[in-house]
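Only one structure is covered here, and it is reproduced in the block below.
Residue numbers (the UniProt record's numbering), protein chains in the order written: chain A, 1 to 427; chain B, 1 to 427.
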């Protein structure tokens, strides 16, 4: 007899949000020779081991020369327990000013173990009561849904529509939730080249979203992993946080795509004020820090040093640091959408043409499920992601997500041939 | 008006378990020149920046030479997203065999962001229902209490007594909880030189604890951060996990004291089997891995590489790697207890004489509260920890914890003089 029963463990463990990630990883591991148009991993050809050494040295020089630390303090900063909110907060603030035009007090930043921990901290703080719910623009990144599941926080979908968010639906969802006695705490949105939809909000939609959030007294959780990667000829649009004059936006930052995933360093900007019953007022960042002290204590100082060094070596501009990467992603995205146009001229198969990022959604005239993915991997040697993984519920979804970030144009070409063969068999 | 009300955020944020850590950090930050007999940080004089470079190189050589990875795979392992359960699992398993006599399948290990994340994963998995409760030997490490608070998991104290755990009380607590309709999921215990009590379980108590756990069908969460640091002349006692023939023990491992806290690498051994409703059986480690994918995704590969390199450079023996540290800690512990004996010959003040570890508990004939700590810091220049922080509730506690891990014998001497002056004023 087994030691434990799955039914006696937390409900999230049998929830699709958590099992989905596992399933997708398993398929990828089972078919290592398949071409992966599934992985949203960053391009890895520019990684070099010697850079890690250089980043560490650059960061310790910064501690010494710019912050004036003596040798013992430098060692202590990198080796010991340290500041819960992190040790690269000043550099993150500098980066936000330079790349995003966001001016933020470094004390309002919590450096986290990837953006995922930032989501967990924010959702833990906001989920105080069983009536609390999160809104999320649908289809939604599985990481936010999964984090919500861990915290028993229901997620209400808001239609994405063709603008990236349907503001009328947002208002309707808020109102109907409140009518049911629920308390919508925030709405999660990825305004730039969203995962999985590829959609971006234009400037006008961003301004209106901020107005709606103010009218409805709703926080916005802005997640921005892909914003530095617009397609060729596309200008970047200001983030919600840059447009936010009202501390309405909690900004979730990631270095996974702009530096390296292996550091697991992200952050959250939480400059909202929080009033205590005793009349004192603090920052939401400090409340998140208390939670962090019981989740991971600190973000690895060694990993922060690597990210800090990378930031310093590019004058704290990740736009500058990612010139080569941006070119690769833009060329791959173009190869992907051009390749789809060549292979599917008939109109039965359609796809998005995103203005940047890693992801294209392909719509087909039949349901795309996990069994089809298994068949695609086994018989056709190509991996992708069923769009059904980004929706709650079991309704069939006639679409799949393609990613072009961790492949070459030749792999895109071969992968699309295989995908076209698979689809041809189902038309 | 503030953007948010603390009363609208999660209840843990006003709970003593979370605010206590904050308060103690604030006192320490306010009085940086005070001698700290409070910090449980490891001794830092042996840390050297160049070791980080060496550890990274050693680990990447291991990937290449021992695991046979090519250059691209080595880079990918350190820079990219990777295996959720970690990349140093084989080395951790080797370390457990060499130092602890624990034989464990590397697949049953989840490498975590410090031991703290391991606690969060385990408690999240076990807390399925509002009737679930955790038992913890009292006084308890604040990290386990805090993690439980985040997950709305009540903690029932089990008396520590003079043996490190009062087994009769354990049985009584389990029975009374069950009689009330509660479901005790596990009992948390630190059998070696516990934080904060300093107590250790002898071999006989360990065997009986395992028997009681089997009789009561209870999991044990064994936390072992200090086991490698016995006092001079003291032999190490086998861990509960080494004695466990029944997969009754979930083993929580830390590298913070035996390698470096700044890596934030810990792990959990979870070899328990878990049965699914469909009849299949897996490892608890794989369920924890699913949760981890939504908390931190991966433990920093860079940080794991540092710990992996450190393990490799000592033949995977942390006993061997910590010979100098063990000597320092043993000498400091001796200096602390000898120093107390010199200063308090009268019997009004008593203290524990632990067989190892970092902590001594001093009992005084008056309540020790936060106000006294503030006074001690401001007027006497010495920091310590009120034992009240390790108990639930507001009952006054006439004791304080002294730590001797991050100080020199001279600082211990001066710190004790200051403490003696403070106490003299209250006798």
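The beta-carbon is built from N, C-alpha and C at its ideal position, and this holds for glycine as well.
Note that the structure is a prediction, hence the values are computed from the model and not measured.
(request) Could you name the residues of the same chain whose beta carbon sits closer than 8 Å to that of residue 46 of chain A, not counting the 5 residues immediately before and after it, in chain order? (result) As a first step, residue 46 of chain A is located in the first chain; it is residue number 46 there, counting from the start. Result list for residue 46 of chain A: 324 and 325, in chain order.
(message) Only counting the same chain, and skipping five residues up and downstream in sequence, which positions put a Cβ closer than 6 Å to that of residue 353 of chain A?
(response) By one-based count along the first chain, residue 353 of chain A stands at place 353. Answer for residue 353 of chain A: 337, listed in chain order.
(message) Suppose you measure from the CA of residue 307 of chain B to the CA of residue 43 of chain B; what does that come to, to the nearest Å?
(response) By 1-based counting over the second chain, the position of residue 307 of chain B is 307. By 1-based counting over the second chain, the position of residue 43 of chain B is 43. Taking the straight line joining both Cα atoms gives about 17 Å.
(request) Please name the residue or residues paired with residue 132 of chain B in a DSSP beta bridge. (result) Against the second chain, residue 132 of chain B aligns to sequence position 132. Paired residue(s): B:183.
(message) Counting only C-beta atoms, is residue 5 of chain A closer than 8 Å to chain B at any point?
(response) Here the question's residue 5 of chain A lines up with position 5 in the first chain. So, interface residue.
(request) Return the CA-CA distance between residue 315 of chain A and residue 94 of chain A, expressed in angstroms with no decimal places. (result) The sequence position of residue 315 of chain A within the first chain is 315, counting from 1. The sequence position of residue 94 of chain A within the first chain is 94, counting from 1. Cα to Cα, residue 315 of chain A sits roughly 9 Å from residue 94 of chain A.
(request) Could you round the C-beta distance between residue 212 of chain A and residue 170 of chain A to whole angstroms and report it? I think they count as a contact, below 8 Å. (result) Start at 1 with the first residue of the first chain, and residue 212 of chain A comes out as number 212. Start at 1 with the first residue of the first chain, and residue 170 of chain A comes out as number 170. The pair is a contact, with the Cβ atoms about 6 Å apart (cut-off 8 Å).
(message) Beta-carbon within less than 6 Å of residue 127 of chain B's beta-carbon, same chain only, minus the 5 sequence neighbours each way: which residues are those?
(response) The residue labelled residue 127 of chain B in the question sits at position 127 within the second chain. Once the five neighbours on either side are set aside, the close Cβ partners of residue 127 of chain B are 151 and 153.
(request) Would you check if the distance between the CB atom of residue 49 of chain A and the CB atom of residue 75 of chain B is smaller than 8 Å? (result) The sequence position of residue 49 of chain A within the first chain is 49, counting from 1. The sequence position of residue 75 of chain B within the second chain is 75, counting from 1. It is a contact, given that the beta carbons lie within the stated cut-off.
(request) Measure the alpha-carbon distance for residue 387 of chain A versus residue 19 of chain A and round it to whole angstroms. (result) Translated into the one-based positions of the first chain, residue 387 of chain A becomes position 387. Translated into the one-based positions of the first chain, residue 19 of chain A becomes position 19. So the alpha carbons of these two residues sit roughly 15 Å apart.
(message) Using CA atoms only, rank isn't needed, just tell me which of A:138, A:146, A:205 and A:133 is closest to residue 179 of chain A.
(response) To locate residue 179 of chain A, count along the first chain from 1; it is residue 179. The candidate whose alpha carbon is nearest that of residue 179 of chain A is A:133.
(message) For a test of the three-state rule: what should DSSP assign to residue 43 of chain A, helix, strand or coil?
(response) Along the first chain, read from residue 1 onward, the residue named residue 43 of chain A stands at position 43. It is coil, neither helix nor strand.
(message) Short of 6 Å in beta carbon distance, which residues of its chain neighbour residue 100 of chain A, apart from the five on each side in sequence? Order them along the chain.
(response) Counting from one through the first chain, the residue named residue 100 of chain A turns up at place 100. Only 239 and 242 meet the Cβ criterion.
(message) If you follow the beta strand (DSSP E) that residue 94 of chain A is in, where does it begin and where does it stop?
(response) As a working note, residue 94 of chain A is residue 94 in the first chain. Element bounds for residue 94 of chain A: not the beta strand (DSSP E) but the alpha helix (DSSP H), 89–95.
(message) Cutting at 7 Å between CB atoms, please list the residues of its own chain near residue 34 of chain B, excluding the five before and the five after it.
(response) On the second chain, position 34 is the one that residue 34 of chain B refers to. Within the same chain, residue 34 of chain B has close Cβ partners 377, 381, 382 and 383.
(request) List in chain order: all unbroken alpha helix (DSSP H) runs of 4+ residues lying wholly within the segment 198–222 of chain A. (result) 203–215
(request) Rounded to whole angstroms, what's the CA-CA distance from residue 263 of chain A to residue 86 of chain B? Just pull it up for me. (result) What you label residue 263 of chain A is simply residue 263 of the first chain in a count that begins at 1. What you label residue 86 of chain B is simply residue 86 of the second chain in a count that begins at 1. Going from the Cα of residue 263 of chain A to the Cα of residue 86 of chain B covers about 13 Å.
(request) List the residues that DSSP assigns as beta-bridge partners of residue 351 of chain A. (result) Taking the first residue of the first chain as 1, we reach residue 351 of chain A at position 351. Partner(s): A:362.
(message) Quick check on residue 311 of chain A: buried or exposed, where buried means 16 or more other Cβ atoms within 10 Å of its Cβ?
(response) As a working note, residue 311 of chain A is residue 311 in the first chain. Buried.
(request) Using a Cβ-Cβ cut-off of less than 8 Å, list which residues of the segment 111–132 of chain A approach chain B; keep chain order. (result) 113, 114, 116, 117, 120, 124, 125, 126, 127 and 128
(request) Identify whether residue 109 of chain B lies in helix, strand or coil by the three-state DSSP scheme. (result) Residue numbering aside, residue 109 of chain B sits at position 109 when the second chain is read from its first letter. Three-state DSSP puts residue 109 of chain B in a strand.
(message) Along the segment 288–302 of chain A, where does the CB come closer than 9 Å to a CB of chain B? Name the residues.
(response) 289, 290, 291, 293, 294, 295, 296, 297, 298, 299, 300, 301 and 302
(request) Spell out whether any CB of chain A is found under 8 Å from the CB atom of residue 339 of chain B. (result) Translated into the one-based positions of the second chain, residue 339 of chain B becomes position 339. Closer than 8 Å: no.
(message) For the beta strand (DSSP E) containing residue 253 of chain B, name the first residue and the last one.
(response) Against the second chain, residue 253 of chain B aligns to sequence position 253. Here the beta strand (DSSP E) through residue 253 of chain B covers 249–254.
(request) Find the residues of chain B that neighbour residue 261 of chain A, judging by a C-beta separation of less than 9 Å, and give them in chain order. (result) Taking the first chain and counting its residues from 1, the one referred to as residue 261 of chain A is at position 261. Under the 9 Å cutoff, chain B gives 79, 80, 81, 82, 297, 298 and 301.
(request) Alpha carbon to alpha carbon, how far is residue 155 of chain A from residue 250 of chain A? Give it in angstroms, no decimals. (result) Along the first chain, read from residue 1 onward, the residue named residue 250 of chain A stands at position 250. Along the first chain, read from residue 1 onward, the residue named residue 155 of chain A stands at position 155. So the two alpha carbons sit approximately 17 Å from each other.
(request) Could you confirm whether any beta carbon from chain A is found closer than 8 Å to the beta carbon of residue 56 of chain B? (result) For the purposes of this step, residue 56 of chain B is taken as residue 56 along the second chain, with counting starting at 1. Yes, residue 56 of chain B lies at the interface with chain A (some Cβ there is under 8 Å from its Cβ).
(request) Can you tell me which of B:107, B:136 and B:106 puts its alpha carbon nearest to the alpha carbon of residue 449 of chain B? (result) The shown model of chain B, from 1 to 427, leaves out residue 449 of chain B, and the question about it has no answer.
(request) Taking a Cβ distance cut-off of 8 Å, strictly less, list which residues of the segment 138–152 of chain A are near chain B, in chain order. (result) 143, 146, 147, 149 and 150
(request) Take residue 231 of chain B and list the residues in its own chain whose beta-carbon comes closer than 6 Å to its own, dropping the five residues that flank it on each side. (result) Counted from its first residue, the second chain places residue 231 of chain B at position 231. So the list reads 330, 333, 355 and 356, once near-sequence residues are dropped.
(request) Could you name the residues of the same chain whose beta carbon sits closer than 8 Å to that of residue 219 of chain B, not counting the 5 residues immediately before and after it, in chain order? (result) Here residue 219 of chain B refers to the residue found at position 219 of the second chain. 126, 185, 186, 187, 213, 248, 249, 250 and 272, listed in sequence order.
(request) Using alpha carbons as the reference points, say which of B:182, B:81 and B:267 lies closest to residue 253 of chain B. (result) Taking the first residue of the second chain as 1, we reach residue 253 of chain B at position 253. Residue B:267 is the option with its Cα nearest to residue 253 of chain B.
(message) Threshold first: 3 residues or longer. Then list the beta strand (DSSP E) segments lying entirely within the segment 222–307 of chain A, N to C.
(response) 249–254, 266–269, 273–275 and 281–283
(message) Counting only C-beta atoms, is residue 343 of chain B closer than 8 Å to chain A at any point?
(response) Here the question's residue 343 of chain B lines up with position 343 in the second chain. With 8 Å as the cut-off, residue 343 of chain B does not count as an interface residue toward chain A.
(message) Pull the bridge partners of residue 157 of chain A from the DSSP assignment, please.
(response) Locating residue 157 of chain A in the first chain gives position 157, counting from the first residue. According to DSSP, residue 157 of chain A bridges with A:136.
(message) For residue 335 of chain B and residue 32 of chain B, what's the separation of their Cα atoms in angstroms?
(response) Counting from 1 along the second chain, the entry for residue 335 of chain B is found at position 335. Counting from 1 along the second chain, the entry for residue 32 of chain B is found at position 32. Their backbone Cα atoms lie some 23 Å apart in a straight line.
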